[in-house]
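This report concerns only the one structure given below.
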Amino acid sequence: MEPVRLVIWDLDETFWNGTLSEGGIHPVEKHITLIKALSERGIVNSICSKNNFGDAEAELKKIGAWEYFIFPQIAFAPKGPMIKAIVEATNLRPETMMFIDDNPMNLNEVLFFYPGMQVADPGIIGNMLEDDRFQGKPDAGMDRLARYKVLEEKHKDRQDIQGDNISFLKQSGIRVSFHYDIEKEFDRIHELVNRTNQLNFTKNRWPEDRGAAWNMFQNEFSERFPAVSGYVKVSDKYGNYGICGFFLIGERRATHFLFSCRIMSMGVEQFCWNHLMRPHVNVVGDVISSLDGHVDWIEIVDDVDDVSNNFISEYAKNLKVCLRGACDFTSMEHYFRARYNVIGEFPLAYKSWAFSPWVRTVAVTEALQTPEGRKLLQATSMFPENYLESAVISGEADIYVLSFSVEYAAHLYRSRSTGVTLSLCNDFLAGQDFSETSYETLVQKFGRDPGFSESEWEFMQNEFEFFAHHDIGMFMADVCKLFEKLKGKKVIVLVLNERIGTDNWIRSVYGNINRIVVPLSKIYGFDLVDYGKYVRSTDDLAAPDDRGVHFSREVYLKMATEIMDICDKYALEVEKTD
Numbered sequence: 001m002e003p004v005r006l007v008i009w010d011l012d013e014t015f016w017n018g019t020l021s022e023g024g025i026h027p028v029e030k031h032i033t034l035i036k037a038l039s040e041r042g043i044v045n046s047i048c049s050k051n052n053f054g055d056a057e058a059e060l061k062k063i064g065a066w067e068y069f070i071f072p073q074i075a076f077a078p079k080g081p082m083i084k085a086i087v088e089a090t091n092l093r094p095e096t097m098m099f100i101d102d103n104p105m106n107l108n109e110v111l112f113f114y115p116g117m118q119v120a121d122p123g124i125i126g127n128m129l130e131d132d133r134f135q136g137k138p139d140a141g142m143d144r145l146a147r148y149k150v151l152e153e154k155h156k157d158r159q160d161i162q163g164d165n166i167s168f169l170k171q172s173g174i175r176v177s178f179h180y181d182i183e184k185e186f187d188r189i190h191e192l193v194n195r196t197n198q199l200n201f202t203k204n205r206w207p208e209d210r211g212a213a214w215n216m217f218q219n220e221f222s223e224r225f226p227a228v229s230g231y232v233k234v235s236d237k238y239g240n241y242g243i244c245g246f247f248l249i250g251e252r253r254a255t256h257f258l259f260s261c262r263i264m265s266m267g268v269e270q271f272c273w274n275h276l277m278r279p280h281v282n283v284v285g286d287v288i289s290s291l292d293g294h295v296d297w298i299e300i301v302d303d304v305d306d307v308s309n310n311f312i313s314e315y316a317k318n319l320k321v322c323l324r325g326a327c328d329f330t331s332m333e334h335y336f337r338a339r340y341n342v343i344g345e346f347p348l349a350y351k352s353w354a355f356s357p358w359v360r361t362v363a364v365t366e367a368l369q370t371p372e373g374r375k376l377l378q379a380t381s382m383f384p385e386n387y388l389e390s391a392v393i394s395g396e397a398d399i400y401v402l403s404f405s406v407e408y409a410a411h412l413y414r415s416r417s418t419g420v421t422l423s424l425c426n427d428f429l430a431g432q433d434f435s436e437t438s439y440e441t442l443v444q445k446f447g448r449d450p451g452f453s454e455s456e457w458e459f460m461q462n463e464f465e466f467f468a469h470h471d472i473g474m475f476m477a478d479v480c481k482l483f484e485k486l487k488g489k490k491v492i493v494l495v496l497n498e499r500i501g502t503d504n505w506i507r508s509v510y511g512n513i514n515r516i517v518v519p520l521s522k523i524y525g526f527d528l529v530d531y532g533k534y535v536r537s538t539d540d541l542a543a544p545d546d547r548g549v550h551f552s553r554e555v556y557l558k559m560a561t562e563i564m565d566i567c568d569k570y571a572l573e574v575e576k577t578d
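Heads up, the sequence shown is in full-length UniProt numbering, so the first residue is 1 and it goes up one at a time.
Take a look at the structure:
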């Protein structure tokens, strides 16, 4: 027998002595004390009784018991369908319910509907608190009862609304908030991972031991880079549901994606999946929900526990924030998407080349607008169609957040036909002139088809010559051109880490970049957010042997928080002037 989570009581000759419709009843004080004790163990109580609802409610209120029952089914009607209504309203499995009734016919009727439900006559009542099935979990504040009272109120409102379930959800004021301080709330997250089933899409369990579970989480997180892990809190106008969801996503795949059944049928799991940019979820076992579907009735707030219940301002939510950089922003992007309309400009892999948001963007775009430049673009199939697209060029963003961390990998090649210098990056050709490597050698280096044909490679060999690995003079000119393009815009520039990491050359390049970017940012009135504030030792790196370009999730969270504070302040200032 499973532990009991809900006790369903008959009233006449069970919860009380006597029959209400036949001249009165005699309360049993021990039973009133019992339902309170069960509630303090997290076990809730309901009623299935053939009586007049109003009369039974009045009597239960008189004896101080009414407030301890949820979803009472009281009517002169068959008990099987009434029990069915309780099962559907509570979203609990019948196997975790106990129905107590003095009439064997009623017990058998319920077993016909739910063969797995636990049933008993009133003889069980005296020993319930000693029975292993009724031990529950300590809940002195009766929080579980309170949550079901909220669910009960919602159920009543849903019945009152004329229309479909969507109409009810849209008037419910559902709010979610995303949080990333996993260690602080690990006990609750541990419970969710190991106990949820019906809305646990991944079902990757942890050891029951807390320490072992924490180590396993750390290993899961470090296996993929960049990775993001967070928990979800939910509330609506009926109450606060607390921490109801958890996710761990890396490389666009979910290791964990799960939610508590307490938010079932609210659309939270679909909303979060879409908000997290639809990562691949390998659904394990049976779940009672699909991730497909459009949800437009949920609002994101900073923290659903905030008593002010302030939503992120409409102005802030409509702000277009362009994040332009490499791994640093792919590790922070999810924080921003919870608040703003994000335009992400990150490295793009195309035909085995890495096309990054280089500082050369503005200069190259201008140069390739010439007849010779357009001819070059038409002649090569090695560049993606959106090669020159950028919010920097279109000017469509309200705020630009810039990182130059990828510039250490900028291999510069000059076009022989146009004289334009491009940043081209291929791991197998770093710092080499293309003419030095035959197509056959490339195939051997790749160990497979390199992603482009021999004729395409011959075009690159004939058209481009190696210019430099990193040219600081050209970089400075490009930064000036980029900043001039963004003049008058709200711009936030990241100051790169130049102190911690195993690669001295990269840190030297970052130091040179900072010495150019920081003073120019101050001249243009741009904001600066410095990695140096948060990267103090190798503990702040993604791994102790990292070159100095990847950081711990705490560092990314602190950086994102500082950047978002600047964005929020800007949103408030602009909103006041509108």
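In this text, a Cβ means the ideal position worked out from N, Cα and C, and glycines have one as well.
Backbone secondary structure at residue i - three-state DSSP
i, result
"Gly344", "strand"
"Asp12", "strand"
"Asn386", "coil"
"Gly18", "strand"
"Ala410", "coil"
"Trp214", "helix"
"Asn204", "coil"
"Asn309", "No answer about Asn309 holds up, because its pLDDT of 47 lies below 50 and its placement is not dependable."
"Val119", "strand"
"Ile566", "helix"
"Val304", "coil"
"Arg499", "coil"
"Val574", "helix"
"Ile125", "helix"
"Leu199", "coil"
"Leu291", "coil"
"Ser265", "coil"
DSSP beta-bridge partners of residue i
i, result
"Val401", "Leu323, Ile492"
"Phe257", "Phe247"
"Tyr180", "DSSP lists no partner for Tyr180."
"Ser229", "Leu248"
"Leu6", "Val44, Met97"
"Ile174", "Ile298"
"Ser235", "Arg175, Asn240"
"Trp505", "Paired residue(s): none; Trp505 is not in a bridge."
"His31", "DSSP output for His31 lists no bridge partner at all."
"Trp353", "Tyr350"
"His280", "Arg253"
Enclosing alpha helix (DSSP H) for residue i [first to last residue]
i, result
"Ile393", "391 to 394"
"His26", "It is not in any alpha helix (DSSP H) - His26 instead sits in the beta strand (DSSP E) that spans 24 to 26."
"Thr361", "361 to 367"
"Asn274", "268 to 275"
"Val193", "186 to 195"
"His334", "333 to 337"
"Gly141", "Run containing Gly141: none; DSSP gives neither H nor E here."
"Lys375", "371 to 379"
Contact belief for residue i with residue j at Cβ below 8 Å, rounded distance in angstroms
i, j, result
"Thr90", "Tyr148", "7 Å"
"Arg324", "His280", "Arg324 to His280, Cβ: 26 Å. No contact."
"Ile8", "Phe112", "Not really, about 16 Å apart at Cβ, beyond 8 Å."
"Ala227", "Ile249", "7 Å"
"Ser46", "Leu6", "6 Å"
"Phe467", "Arg414", "5 Å"
"Ile32", "Ile63", "6 Å"
"His256", "Val193", "6 Å"
"Phe247", "Met564", "Wrong, their Cβ atoms sit about 20 Å apart, outside the cutoff."
"Gly42", "Arg175", "About 25 Å; that fails the 8 Å criterion."
"Val495", "Ser405", "Incorrect: roughly 10 Å between the Cβ atoms, too far for contact."
"Gly267", "Val295", "4 Å"
"Ser235", "Ile182", "Between Ile182 and Ser235 the Cβ distance is about 20 Å, and since that is not below 8 Å, they are no contact."
"Arg416", "Glu456", "Actually they do not touch by this definition, with Cβ atoms about 16 Å apart."
CB contact check: residue i to chain D, cutoff 8 Å
i, result
"Ile500", "The structure shown contains no chain D, having only a single protein chain."
Inset, instruction - Taking only runs that begin and end inside the stretch 511 to 564, name each unbroken beta strand (DSSP E) of 3 or more residues, in chain order. - result: 527 to 530
Legend entry - Completely contained beta strand (DSSP E) runs for the stretch 33 to 117, where each covers 3 or more residues: 44 to 49, 97 to 100
Inset, instruction - May I have a chain-ordered list of the beta strand (DSSP E) segments no shorter than 3 residues that lie completely inside the stretch 414 to 478? - result: 421 to 423, 464 to 468
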